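The next block holds one structure in the form of structure tokens; read it before the comments.
Residue numbers (our numbering): 594 to 1346.
This is how it looks when you write it as structure tokens:
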């Protein structure tokens, strides 16, 4: 095992960093590790090369599992000779059952006999290559931990939250309304003090300038104004709603435009965490906490002003109390903020584990691993719950010390009037005490809310972090004018292309140069990790390419790190235009939740006639017609209500509808039965005659009719010629591949000529 961290190497969610063959072997190893009595193997050998397949069959199935009951589902007939009993299935029924010799005559109906050697996979790896192929240059050496910020929430986070409203004038208006409301509320209380003092001095005086009715009228007016200004809360929540909507939109843009390196090194749980919990807090909790905090600070300022006007000596204990509150809040926040961040980070593994469990539920049940998965979930949940409980405990402790300080402050205010010996006016005393009592009741709640505001703002901080992820560059070079129907021919040229999946990762393509003529059929072969699929990633610009200029002398320079399609550098083509110009049928068919129609034609560009014609060309018209709703028939997530072969044919029909000049088959038939394989190959030959076709295949017969075969090894091109010419190279890489199949080279060359 040559992976960076052995069996602790991170393979990414759903094994995104592994090739199809490596995934198959990891799954097989997991099954063997169970030490069960019965093994059900669903064609695990189709995704690996000839030599490794033979090694697994002999050492694992016939060797290690020799004393076990083993049921092997396969369409590769060369593995059947060692079976005790063979059952041939067709349309859900057993067509034949018996020993190899008893059912051998049925093989001609399944494949064109000769023990189906042409189903052998792509590569001729000798024994000394067996360990080599376990390496993978693109695998991260260690798990990329989720970013955890430290310290206070910066002013920039609050500023960015307000900027996300996208209406500065509205933000200013909301601020003015809040200040006006608090001024009116405080003014009402202060006027009440004036009224009480007036009643003491001038009540019943006939020559008084003001009357009681005048005070009642003015007091009522102030109350009405305060109620009218209460509209500030509606305006504030509208502001928060706009901010939340825009933050969600920016988060979606950040995720949808992120580089593939981000998705290879971050679990879906981290993304789901931000879209669910963090956005949920911004939607529901943050506006309430924020307006409570604003009201607290505004009311605190108003109370301090009133208390100072009543007795300016009260500013001394008020200042002391404020200093104690600030120190206590600082100590609390220093701990609570980081605990809250830990709580948010430990929540991501819960989402990731739940998502992975649901996706792999059939495997979990097959291995009877429910308890292990539950224990792992409990471990994630316990870690998150401990952080959540600790946060609650810290909050309660903070509240206790606040209450204690507040009690001391109210005692200082009450005794200040008789102790200081100042003139006691009942209005002043009553106002001071009532305001202080309000302050005491408010401080506990208000300071907790201000602390909670910082904690809630960590959600804004986390959303902003993902909204600013490194984006895929729309173009990496100066934009050039693109012909309307580009590409019209489909010629492809690689010039010294070096590609790596991460900033510090080893290159997976190394100085790769070749030219593919328009309308050529190219087969691509090579061992696992050789760089076959990386060529496809380079074409789609899914990973960065090292670009530059090399000079052979002082007068001649050559541009390196470029890929040209019909003579146009793909780095100068906008991503959407580039990717729309190339069709691909991947190894694992991609089916979206929705209808058959939306899967065939996501953008609604074609009419029903074209869709039915495409389905007919892939022999799916009757299947879809028999579904309830026809083209509008529902496809569940992942297309689970269709077989793997049918899902692959839907992908083929989608490619037919796109009518691109370049078609890529990334091991598209590795997991389908021979009949579906022949159907796909026949459809491609008939429907894509005017296209350039690049085929990465595990089974040799799928690329033997190619115009040329491109052979990769360790990220470099080692051979590139027609199959017949490559077979005539003794000791050549492709020749070794052919020899591994056991086929007669002279017979093939005679048939090719």
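Where a beta carbon is used, it is the ideal one built from N, C-alpha and C, also for glycine. Since the model is a prediction, treat every value here as computed from it, not as a measurement.
For the stretch 1227-1271, which segments carrying the alpha helix (DSSP H) assignment without a break, of at least 4 residues, lie completely within its bounds, in sequence order? 1237-1251
Between residue 963 and the rest of its own chain, which residues show a CB-CB distance below 8 Å, the 5 nearest in sequence each way excluded? On the chain shown, residue 963 is found 370 positions in, with the first residue counted as 1. So the list reads 957, once near-sequence residues are dropped.
Quick one: what's got a C-beta closer than 6 Å to residue 730's C-beta in the same chain, skipping five residues either side? For the purposes of this step, residue 730 is taken as residue 137 along the chain shown, with counting starting at 1. Only weak support is given to the placement of residue 730: the predicted model assigns it a pLDDT of 48, under 50, and the question is left unresolved by the model.
Taking 7 Å as the threshold (C-beta atoms), are residue 1176 and residue 1278 in contact? Stepping through the chain shown from its first residue, residue 1278 is reached at position 685. Stepping through the chain shown from its first residue, residue 1176 is reached at position 583. Not a contact, by the Cβ cut-off of 7 Å.
Which whole runs of the alpha helix (DSSP H) in the stretch 911-979 are 4 residues long or more, in chain order? 954-959
State the Cα-Cα distance for the pair residue 981 and residue 942, rounded to the nearest angstrom. The count along the chain shown starts at 1 and reaches residue 981 at position 388. The count along the chain shown starts at 1 and reaches residue 942 at position 349. Taking the straight line joining both Cα atoms gives about 15 Å.
Closest by C-alpha distance to residue 1202, when choosing among 1214, 1192, 1196: The residue you call residue 1202 lines up with position 609 of the chain shown. Ranking 1214, 1192, 1196 by Cα distance to residue 1202 puts 1214 first.
To the nearest angstrom, report how far apart residue 848 and residue 871 are at their CA atoms. Indexing the chain shown from 1 puts residue 848 at position 255. Indexing the chain shown from 1 puts residue 871 at position 278. If you take the alpha carbons of residue 848 and residue 871, they lie about 15 Å apart.
For residue 1196, report the span of its beta strand (DSSP E) as first-last. Within the chain shown, numbered from 1, the residue matching residue 1196 stands at position 603. Neither: residue 1196 is in no beta strand (DSSP E) and is coded neither H nor E.
Span of the alpha helix (DSSP H), counted from its first residue to its last, around residue 1094: For the purposes of this step, residue 1094 is taken as the residue at position 501 of the chain shown. Neither: residue 1094 is in no alpha helix (DSSP H) and is coded neither H nor E.
From what residue to what residue does the beta strand (DSSP E) around residue 1288 run? Taking the chain shown and counting its residues from 1, one reaches residue 1288 at position 695. Residues 1285-1289.
Using 8 Å as the cut-off, can you tell me whether the stretch 766-775 makes contact with the stretch 816-830, which would need three or more C-beta pairs spanning the two stretches below that distance? yes
C-beta atoms of residue 932 and residue 983 nearer than 7 Å: On the chain shown, position 339 is the one that residue 932 refers to. On the chain shown, position 390 is the one that residue 983 refers to. Closer than 7 Å, so yes.
DSSP three-state label for residue 1140, please. Locating residue 1140 in the chain shown gives position 547, where the first residue counts as 1. DSSP places residue 1140 in coil when its eight states are reduced to three.
At least 3 beta-carbon pairs within less than 8 Å: the stretch 1152-1172 vs the stretch 1087-1094: yes
Exposed unless 16 or more other CB atoms sit within 10 angstroms - verdict on residue 762: Locating residue 762 in the chain shown gives position 169, counting from the first residue. So residue 762 ends up on the exposed side.
Let's test the definition: count the other Cβ atoms within 10 Å of the Cβ of residue 1108 and tell me whether it reaches 16, buried, or not, exposed. Taking the first residue of the chain shown as position 1, residue 1108 is located at position 515. Label assigned to residue 1108: exposed.
Can you grab the Cα-Cα spacing for the pair residue 734 / residue 855, in whole Å? In the chain shown, residue 734 corresponds to position 141, counting from 1. In the chain shown, residue 855 corresponds to position 262, counting from 1. The predicted position of residue 734 is uncertain, since its pLDDT is 47 and thus under 50; no value can be drawn from it.
Does the beta-carbon distance from residue 1310 to residue 1105 come in below 7 Å? In the chain shown, the residue the question calls residue 1310 occupies position 717. In the chain shown, the residue the question calls residue 1105 occupies position 512. For residue 1310 and residue 1105, yes; Cβs fall inside 7 Å.
With residue 840 and residue 875 assumed to form a contact (beta carbons below 8 Å), what rounded beta-carbon distance in angstroms separates them? As a first step, residue 840 is located in the chain shown; it is residue number 247 there, counting from the start. As a first step, residue 875 is located in the chain shown; it is residue number 282 there, counting from the start. With 8 Å as the limit, residue 840 and residue 875 qualify as a contact, their Cβ atoms being about 6 Å apart.
Using a 10 Å radius around the Cβ and a threshold of 16 neighbouring Cβ atoms, would you call residue 1332 buried or exposed? Against the chain shown, residue 1332 aligns to sequence position 739. It is exposed - the Cβ of residue 1332 has fewer than 16 other Cβ atoms within 10 Å.
Using only alpha-carbon positions, find the residue among 1236, 1253, 1276 that is nearest to residue 685. Position 92 of the chain shown holds residue 685. The shortest Cα separation from residue 685 among 1236, 1253, 1276 belongs to 1236.
Bridge-paired residues (DSSP) for residue 1155: Here residue 1155 refers to the residue found at position 562 of the chain shown. 1088, per the DSSP bridge assignment.
Alpha helix (DSSP H) containing residue 863: first to last residue? The sequence position of residue 863 within the chain shown is 270, counting from 1. Taken as a continuous stretch (DSSP letters only), the alpha helix (DSSP H) holding residue 863 covers 861-866.
Identify whether residue 692 lies in helix, strand or coil by the three-state DSSP scheme. Taking the chain shown and counting its residues from 1, one reaches residue 692 at position 99. Coil at residue 692, not helix or strand.
Secondary structure at residue 616, three-state DSSP: helix, strand or coil? The count along the chain shown starts at 1 and reaches residue 616 at position 23. The answer is helix: DSSP assigns residue 616 an H, G or I state.
For the beta strand (DSSP E) that contains residue 1311, what are its first and last residues? As a first step, residue 1311 is located in the chain shown; it is residue number 718 there, counting from the start. Per DSSP, residue 1311 belongs to the beta strand (DSSP E) from 1309-1314.
Drop a sphere of 10 angstroms on the beta-carbon of residue 759, count the other beta-carbons inside from all chains shown, and report buried for 16 or more, exposed for fewer. Here residue 759 refers to the residue found at position 166 when the chain shown is read from its first residue. It is exposed - the Cβ of residue 759 has fewer than 16 other Cβ atoms within 10 Å.
Close Cβ partners of residue 1249 (< 7 Å) along its chain, the five nearest in sequence each way excluded: Taking the first residue of the chain shown as 1, we reach residue 1249 at position 656. Once the five neighbours on either side are set aside, the close Cβ partners of residue 1249 are 1207, 1210, 1280.
Rounded to a whole number of angstroms, what is the C-alpha to C-alpha distance between residue 624 and residue 952? Here residue 624 corresponds to residue number 31 of the chain shown, with the count starting at 1. Here residue 952 corresponds to residue number 359 of the chain shown, with the count starting at 1. Using only the alpha carbons, I get a separation of about 18 Å.
Residue 1283 burial status per 10 Å Cβ neighbour count (16 or more: buried): Position 690 of the chain shown holds residue 1283. That one is exposed.
Looking at the unbroken alpha helix (DSSP H) that takes in residue 845, where does it start and where does it end? Translated into the one-based positions of the chain shown, residue 845 becomes position 252. Segment 825-849, the alpha helix (DSSP H) holding residue 845.
Check whether the Cβ atoms of residue 860 and residue 915 lie closer than 7 Å to each other. As a position in the chain shown, residue 860 is number 267, starting the count at 1. As a position in the chain shown, residue 915 is number 322, starting the count at 1. No, the Cβ-Cβ distance between residue 860 and residue 915 is not below 7 Å.
Using the three-state DSSP reduction, which class does residue 1301 fall into: helix, strand or coil? Position 708 of the chain shown, counted from the first residue, corresponds to residue 1301. Three-state result, residue 1301: strand.
In angstroms with no decimal places, state the Cα-to-Cα distance between residue 881 and residue 1190. In the chain shown, residue 881 corresponds to position 288, counting from 1. In the chain shown, residue 1190 corresponds to position 597, counting from 1. Rounded to the nearest angstrom, the two C-alpha atoms are 44 Å apart.
Rounded distance between the beta-carbons of residue 649 and residue 621, thought under 8 Å: By one-based count along the chain shown, residue 621 stands at place 28. By one-based count along the chain shown, residue 649 stands at place 56. Contact flag correct, Cβ pair sits at about 7 Å.
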